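Residue numbers (this note's numbering): 139 to 231. Structure, as structure tokens:
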């Protein structure tokens, strides 16, 4: 399917998927990323409000996948994957 969106995974999201999340959650998120999110990111998630204007969020269990859609590049940029309780707060160092 040539009209699928390209997938770009930012460093915080990559770290969450490879090091921080339980393996079952990471696998479920990868399935979402390579499936429905690439097919139609507008349908999978919902737009966020301030301070995350321009970003979207999709649910996977009690975790949230935060992303933005770059129509110029026809790409989805996955910004972060976090537990719902932490998803809308700045990441601590």
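Here a beta-carbon is modelled for each residue, glycine too, at the ideal position from N, C-alpha and C. The model shown is predicted, which means the values in this text are computed figures rather than measured ones.
Residue closest to residue i, alpha-carbon to alpha-carbon, out of the options
i: residue 148; options: 211, 177, 216; result: 216
i: residue 171; options: 186, 213, 189, 221; result: 213
i: residue 209; options: 220, 199, 193; result: 193
i: residue 190; options: 166, 178, 176, 218; result: 218
Three-state class that DSSP yields for residue i in the structure shown
i: residue 154; result: helix
i: residue 149; result: helix
i: residue 180; result: helix
i: residue 196; result: strand
i: residue 231; result: Bear in mind that a pLDDT of 49 at residue 231, under 50, signals an unreliable position, so the number given afterwards is only what the model happens to contain. The answer is coil: DSSP assigns residue 231 none of H, G, I, E or B.
Start and end residues, beta strand (DSSP E) containing residue i
i: residue 213; result: 213 to 221
Rounded straight-line distance, which links the Cα of residue j to that of residue i
i: residue 201; j: residue 225; result: 8 Å
Start-to-end residues for the alpha helix (DSSP H) that takes in residue i
i: residue 164; result: 161 to 170
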